[in-house]
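Below: one structure, written as structure tokens.
Protein chains: 4
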Amino acid sequence: MKRRVAIIGAGGYTGVELIRLLSLHPQVELTCLTSLEDVGSPVCRVFPSLPRHLTLTLEALDVERVIAHADIVFTALPHKAAMGVVPHFLAAGKKVIDLSADFRLQDVSVYEKWYQRHTCPELVAEAAYGLPELYREKIRSARLTANPGCYPTSAVLALAPLIRHELIDLRTVIIDSKSGATGAGRSVRLGSLFCEVNEGFKAYGVGTHRHTPEIEQVLGDLAATPVTVSFTPHLLPINRGILSTTYARLQKQLDSNELAALFREFYREEPFVRVSAAGELPNVAMVKGSNYCDIGVVSDPRTARVIVVSAIDNLVKGASGQAVQNMNIMEGFAEGQGLQVVPLFP
Amino acid sequence: MKRRVAIIGAGGYTGVELIRLLSLHPQVELTCLTSLEDVGSPVCRVFPSLPRHLTLTLEALDVERVIAHADIVFTALPHKAAMGVVPHFLAAGKKVIDLSADFRLQDVSVYEKWYQRHTCPELVAEAAYGLPELYREKIRSARLTANPGCYPTSAVLALAPLIRHELIDLRTVIIDSKSGATGAGRSVRLGSLFCEVNEGFKAYGVGTHRHTPEIEQVLGDLAATPVTVSFTPHLLPINRGILSTTYARLQKQLDSNELAALFREFYREEPFVRVSAAGELPNVAMVKGSNYCDIGVVSDPRTARVIVVSAIDNLVKGASGQAVQNMNIMEGFAEGQGLQVVPLFP
Amino acid sequence: MKRRVAIIGAGGYTGVELIRLLSLHPQVELTCLTSLEDVGSPVCRVFPSLPRHLTLTLEALDVERVIAHADIVFTALPHKAAMGVVPHFLAAGKKVIDLSADFRLQDVSVYEKWYQRHTCPELVAEAAYGLPELYREKIRSARLTANPGCYPTSAVLALAPLIRHELIDLRTVIIDSKSGATGAGRSVRLGSLFCEVNEGFKAYGVGTHRHTPEIEQVLGDLAATPVTVSFTPHLLPINRGILSTTYARLQKQLDSNELAALFREFYREEPFVRVSAAGELPNVAMVKGSNYCDIGVVSDPRTARVIVVSAIDNLVKGASGQAVQNMNIMEGFAEGQGLQVVPLFP
Amino acid sequence: MKRRVAIIGAGGYTGVELIRLLSLHPQVELTCLTSLEDVGSPVCRVFPSLPRHLTLTLEALDVERVIAHADIVFTALPHKAAMGVVPHFLAAGKKVIDLSADFRLQDVSVYEKWYQRHTCPELVAEAAYGLPELYREKIRSARLTANPGCYPTSAVLALAPLIRHELIDLRTVIIDSKSGATGAGRSVRLGSLFCEVNEGFKAYGVGTHRHTPEIEQVLGDLAATPVTVSFTPHLLPINRGILSTTYARLQKQLDSNELAALFREFYREEPFVRVSAAGELPNVAMVKGSNYCDIGVVSDPRTARVIVVSAIDNLVKGASGQAVQNMNIMEGFAEGQGLQVVPLFP
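Going down the list, the sequences are from chains X, E, H and U. 5 is the number of the first residue of the first sequence in this note's numbering; add one for each residue after it. 5 is the number of the first residue of the second sequence in this note's numbering; add one for each residue after it. 5 is the number of the first residue of the third sequence in this note's numbering; add one for each residue after it. 5 is the number of the first residue of the fourth sequence in this note's numbering; add one for each residue after it.
As structure tokens, then:
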């Protein structure tokens, strides 16, 4: 029998992407979509991209109704709003994949420094950090998975092999990331207007972006020692995609071929990580619509630095696709179920 | 057992789109990909979007080899080149879906006026015109299907209900179409450079585009009398999508609701045509990556005209997706097999 | 001595474009910029594109202050708001160039049908319609010029020579227009978000757009008889530019060369209209940032139709540039003063 | 009397940008435009953006003819081709602004390592490096100015104040640059097609881009000691603009306000450098079409790093505009002559 799934916050870009992926997933059935806006409208009218046989209507969030109709709950809410509802779903025995930041930071004091007061710190410890490539076992048995941020996914997958193998000077890590405009969500803001973004490019949140502590937590976990990084996000005039260019000083002299081999070995069993051949570099256009993370690595002997470039679709591997991957792991489904998408190029 | 499929001309945008769709089709297996360029390269290296498990290599066209390894052949070649190879595949008992213009025009003299001399006119009569919404029965029993042009698909689906129901003055049909840049193919030309297309918009081939006689043939077929239309293509600075805005004088006074109802009825059984609710109009963004044709219709009492707007993804319903749909019909597969894609929005 | 200029509504795209053009105009000095938003902010901080030596600050609209500090007033307000303030400036002896729709429609009842009640109908008759190519003499002596809509400018310039020369059947005029996203202004709306516009294309306001009566008024004026047209606007995923493709039945058989010659003759003295050589068609990319209107004309003997394609920058010839041109005419400056811009390509 | 100017290589994007700027320059007259392609065509037909009164025709390069008709020569040729013709113009007493890389690198052995054999090394020493902000005096008396590369312009202006004031650890400099597609020029290549660039983003030439030694030369000059940097270029899906994000370890604790003040002081007299207020960061959209370089600087106490973000229009300050600025200096014209352009936003 199919598992019943609810999406809380189905009216945003992450929401419609969850619907796109889950509507084709053979082992689940969408039963409940909530939203703050367009309540009462058929979801296929709000998003005319969706097929007509998706006859669900957006509804206001009614926790009891969700509990009655769903086995699995995806919460695609802003931080703070998420921790207001997640405890109820867990208490009712539901499995929850939370796409907000509320359960990602294991150290509540760090969370409270970068966000605000946490209202259910007791759940933080039990939440699995939903990056399957690093935390698959914990996810497998989790009731609550904290789906990673889009930037952290791209940065951590780029750096993990280097840190695990103790190849880099941890004080020299710089992450220069560029994200498509869906990363800013569907809320209506001057800075998100077409004419403000198109033919433009800028950095933002330099030194202050909230994904910084999340990246540092996972890298620190890998290194078994605290890590501090420079992280600079930029806004790209495209719909989808994050490309992260990461820099670090190599502690050991390895050439690009050796590094590529090492990355390939590290991700050998991973269905969604593709390591480029030496000399090739990823392009966000090549992962569009898919759950892939493409990674290219270059050793630069002139500077003794390694440069790793990673590309994901921020709405898929950076959000909804990874959430489905986590659901698959939590439910014991085949991990790639519903995610066998060939990227749309061009 | 899976049917074995070859793609002749796999190195273009239509080719990679066929690969994308067919690689997920449960009843076929790709066995042979030919190309003029990149011969000897793994196709997943030429198009890094493709999954690594697609281990096929692009090869030079060797007709005998194709015949030995494939049951079904997609020819994604320029016109003229197509009619040079199609007869060989048919003679060897293969089924052929031809994406060129070579077998679309039933009147060879019209073909020869707009293109060049036809080298196998005897095959033209037997070829089915591969627009399933109008010619499904003929396609079902065809050995050779001429896959429609992208513009004709969008224009014909917009106008068919009006002509079948004799609602418009056939002397007043104007088709104003706008296509994304993949429509120009992957050949390397100054006019296709990013900086020549981006932030620009223009008409081209006014009064002379070769899709004109194709549109007129099908509309004439529907009307059972010759039809002459104005057709103006334009180049949009987007990757995918054709939007056609069509105009005609109404012979009978019908309002937008009545027209929408009539269109819905006309396409009631069609899995890939979606008629918009009255008052709503399609957007190419809502069909991206899918085989849908979205259609909106407006009655304008001020001018006694009907305006129909249709949207397709030119690479899917306008080319490769429709080709797969035709294969499904020719092979007796479920018509939507391999095409159950939710459009990628945004 | 320089004339002092105020811009009412300086915070939108039309406003910043007026500032761009007027700040380089040798015969005027900007003295007053009003806005609803960002009041109190230096305009070069609100629009960091503007040079630092532009030290003006956005202020709330204070009619008396404007009157005290300006000789010429540009009102770049929404319709209705404009007619609330224009009478005051005129009464104080100022010259006004109004970029709203409030004074464009000479028949107040038509205005009231498409917009709302008019509060100063007595000013409508005296307002000059600011399309210099057709109404230069009236503009020269006007106190109030109604700057044309962007779509009407592109459509009227395309059709004027044909109508003046009585070459077309007036019942067959169809105008299919495509506009860049600045046409929707800078207000913050879901439909104007980058991800809602980018990689998309759609028609809107089919049969109901408010520029329709404006186009019909000017064409009727040229024809000396009422004209009814079909007008369909579309939204292009670019910042700037309108391309209009217009269709009409020819009453007289003329080929493309003859039509081009006739257009060239018609616009012989016009500094801002460029007629393409026969066989060439305009592209909005070629007028970007400039006050040009490029026009190409094709005769299609198959259908006995003429197709005229025109391209403007909607913010320049379609709004602020034409407003400056009108000011130049009203003030007796050289008509091209401040408008000698070479289009920015690419 | 106006100085007569020739452009060698007028058929590319840099060429048409030179024409755009010089055609409005009051002290010069374009007399000769050479090109490899479109020889014999009026330049305003090759680039329909250009005004019709520009009646020059593209001609094949004839050195003697250029010498006879021009006082100043802009060479907008690929490297290697440039050093083939520059000596002739100098020998004939012309002033030359060379936009290629051939005379930028003062150390011929470095040039020969990154490019190829140099055929006129004797001219290298006398060439001025055309970055006015750092080398104005040498440019003033130069016969030959080597116009800087686009990336070096953006990187050097971002880092110069920090290096001059000895504020950073020179071993830690990382330059992550992103360029619009005009940077790849107008040559017809698969990788420059609209559909290969649009909705994509990638790094290229990691560790190997030829602008690296140029950046290092100028930074080393400022530091009076050799400097080695990491430089990573990326391709942005926009027409114009380079944004460089540069990182270095601070040697002295300064906050963002102090750094901004220091940058403002450093560039106090510079007409084309705009330092952002603390807390604000540049966007390439705000310099489009202009000769400005906008710079924002952030101190990150968490990492003890400084991050500087600079934005230029690669075709203007990164190429043709800076070339005009250099001509102005060499000829004793006002430095901003012909460059008083307000950026085109949006």
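Built from N, CA and C at the ideal position, the CB exists for glycine as well.
Problem set entry | Coil, strand or helix - P372/X by DSSP | The question about residue 372/X has no answer here: the residues shown for chain X are numbered 5 through 350.
* **Proximity of A289/X and E203/U at Cβ, strictly below 7 Å** => Within the first sequence, residue 289/X is the residue found at index 285, counting from 1. Within the fourth sequence, residue 203/U is the residue found at index 199, counting from 1. Yes, the pair counts as a contact, with Cβ atoms nearer than the cut-off.
Q.
Runs of 4 residues minimum, wholly inside the stretch 18-100 of chain H: which ones carry the alpha helix (DSSP H) assignment?
A. 47-50, 67-73, 85-95
Worksheet item: Do the stretch 199-218 of chain E and the stretch 162-172 of chain E touch if we need at least three Cβ pairs shorter than 8 Å?
Response: no
With DSSP collapsed to three states, give me the class of S248/X.
Reading the first sequence from its first residue, position 244 is the one you call residue 248/X. It is a strand residue.
- prompt: Roughly how many whole angstroms lie between the Cα atoms of A282/E and N261/E?
  reply: Here residue 282/E refers to the residue found at position 278 of the second sequence. Here residue 261/E refers to the residue found at position 257 of the second sequence. So the two alpha carbons sit approximately 5 Å from each other.
Would the stretch 175-188 of chain E count as touching the stretch 11-24 of chain H if we require 3 or more Cβ pairs under 8 Å? no
Practice prompt. Can you give me the start and stop residues for the beta strand (DSSP E) that G325/H sits inside?
Written response: Position 321 of the third sequence, counted from the start, is the residue given in the question as residue 325/H. Per DSSP, G325/H belongs to no beta strand (DSSP E); it is in the alpha helix (DSSP H), 325-335.
Report task. Could you pull out every residue in the same chain whose Cβ sits closer than 6 Å to the Cβ of D102/H, ignoring the five residues on either side in sequence? Result -> By one-based count along the third sequence, residue 102/H stands at place 98. Excluding positions up to five away in sequence, the list reads T79, A86, V90, A150.
Short Cβ contact (7 Å threshold) for L37/H with V9/H: Taking the third sequence and counting its residues from 1, the one referred to as residue 37/H is at position 33. Taking the third sequence and counting its residues from 1, the one referred to as residue 9/H is at position 5. No, the pair does not count as a contact, with Cβ atoms beyond the cut-off.
Please report how far the alpha carbon of T35/E lies from the alpha carbon of L60/E, in whole angstroms.
The sequence position of residue 35/E within the second sequence is 31, counting from 1. The sequence position of residue 60/E within the second sequence is 56, counting from 1. Going by the C-alpha atoms only, they are around 7 Å apart.
* Given a cut-off of 7 Å, decide if H29/X and G342/X are closer than it, judged by their beta-carbon atoms. => Here residue 342/X corresponds to residue number 338 of the first sequence, with the count starting at 1. Here residue 29/X corresponds to residue number 25 of the first sequence, with the count starting at 1. Contact flag set, yes.
Next item on the list: Could you tell me whether the Cβ atoms of T229/U and D180/X are closer together than 7 Å?
Entry: In the fourth sequence, the residue the question calls residue 229/U occupies position 225. In the first sequence, the residue the question calls residue 180/X occupies position 176. Going by C-beta atoms, T229/U is not nearer than 7 Å to D180/X.
**Item:** Cβ neighbour criterion (16 or more within 10 Å) applied to K6/E
**Value:** Here residue 6/E corresponds to residue number 2 of the second sequence, with the count starting at 1. K6/E should be labelled exposed.
> Residues bridged to N287/E by DSSP?
Replying inline: Reading the second sequence from its first residue, position 283 is the one you call residue 287/E. Note: N287/E sits in a beta bridge opposite K206/H.
R190/H versus chain X: which residues are under 9 Å apart at the beta carbon? The sequence position of residue 190/H within the third sequence is 186, counting from 1. Those within 9 Å of R190/H in chain X are L194, L197, C199, E200.
Mind checking K256/U: buried by the 16 CB within 10 Å criterion, or exposed?
The residue labelled residue 256/U in the question sits at position 252 within the fourth sequence. By the neighbour-count rule (16 or more Cβ atoms within 10 Å), K256/U is not buried but exposed.
Item to check | Burial state of G245/X (16 or more Cβ within 10 Å) | outcome: Here the question's residue 245/X lines up with position 241 in the first sequence. Looking at its Cβ environment, which holds 16 or more other Cβ atoms inside 10 Å, G245/X is buried.
- request: Compile a chain-ordered list of the residues in the stretch 239-271 of chain X whose CB is closer than 7 Å to at least one CB of chain E.
  value: N243
**Report entry** Span separating the alpha-carbon of Y271/U from that of E137/U
**Finding:** Sequence index remark: in the fourth sequence, residue 271/U carries index 267 (1-based). Sequence index remark: in the fourth sequence, residue 137/U carries index 133 (1-based). Spanning the two alpha carbons is a distance of roughly 8 Å.
Strand pairing of S181/X, partner residues [DSSP]: In the first sequence, residue 181/X corresponds to position 177, counting from 1. Beta-bridge pairing links S181/X to P237/X, S248/X.
**Asked** Along the chain, where does the beta strand (DSSP E) that runs through L148/U open and close?
**Response** Taking the first residue of the fourth sequence as 1, we reach residue 148/U at position 144. Looking at the DSSP string, the run of the beta strand (DSSP E) that includes L148/U is 148-150.
Exercise. Counting along the chain, where does the beta strand (DSSP E) carrying S280/U start and finish?
Worked result: As a working note, residue 280/U is residue 276 in the fourth sequence. Careful: S280/U lies outside any beta strand (DSSP E) and carries neither H nor E.
Report task. Give a yes or no on whether 7 Å exceeds the smallest Cβ distance from A185/E to chain U. Result -> Residue mapping note: residue 185/E aligns to position 181 of the second sequence, counting from 1. It does; some Cβ of chain U falls within 7 Å.
Next on the checklist: Please state the DSSP three-state secondary structure of D317/E.
Outcome noted: For the purposes of this step, residue 317/E is taken as the residue at position 313 of the second sequence. Looking at D317/E - three-state DSSP - the assignment turns out to be coil, as it is neither helix nor strand.
If we call anything under 7 Å between Cβ atoms a contact, is C154/U one with G187/U?
What you label residue 154/U is simply residue 150 of the fourth sequence in a count that begins at 1. What you label residue 187/U is simply residue 183 of the fourth sequence in a count that begins at 1. Yes, the pair counts as a contact, with Cβ atoms nearer than the cut-off.
query: Who are R253/X's beta bridge partners in DSSP?
result: Numbered from its first residue, the first sequence carries residue 253/X at position 249. Partner(s): R309/X.
- Item | Rounded Cβ spacing between L81/H and S104/H (contact assumed at less than 8 Å) | Taking the third sequence and counting its residues from 1, one reaches residue 81/H at position 77. Taking the third sequence and counting its residues from 1, one reaches residue 104/H at position 100. So it is a contact: roughly 6 Å between Cβ atoms.
Spell out the partners DSSP gives V9/X in its beta bridges.
Counting from 1 along the first sequence, the entry for residue 9/X is found at position 5. V9/X is bridged to L34/X, I76/X.
### Query
Quick check: the stretch 221-240 of chain H against the stretch 194-210 of chain H, are there 3 or more CB pairs under 8 Å?
yes
Taking the alpha-carbon positions, what's the V222/H to V192/E distance? Position 218 of the third sequence, counted from the start, is the residue given in the question as residue 222/H. Position 188 of the second sequence, counted from the start, is the residue given in the question as residue 192/E. Taking the straight line joining both Cα atoms gives about 44 Å.
task = Starting from the beta carbon of M5/X, find every residue of chain E whose beta carbon is closer than 8 Å, and list them in chain order.
result = Here residue 5/X refers to the residue found at position 1 of the first sequence. By Cβ distance, chain E contributes nothing, its closest Cβ being about 21 Å from M5/X, past 8 Å.
Please compile the residues from chain X whose C-beta is within a distance smaller than 8 Å of the C-beta of F93/E. As a first step, residue 93/E must be located in the second sequence, where it is residue number 89. Chain X residues near F93/E: none, gap ~26 Å exceeds 8 Å.
For I333/U, which residues from the same chain have a beta carbon less than 7 Å from its beta carbon, with the 5 sequence-adjacent residues on both sides left out?
If you number the fourth sequence from 1, residue 333/U lands on position 329. Around I333/U: P136, R140, I143, R144, E339.
| query | When the Cα of D317/H is compared with those of F349/H, L171/H, S113/H, G195/H, which residue comes out closest? | reply | In the third sequence, counting from the first residue as 1, residue 317/H sits at position 313. Measuring from the Cα of D317/H, the nearest candidate turns out to be F349/H.
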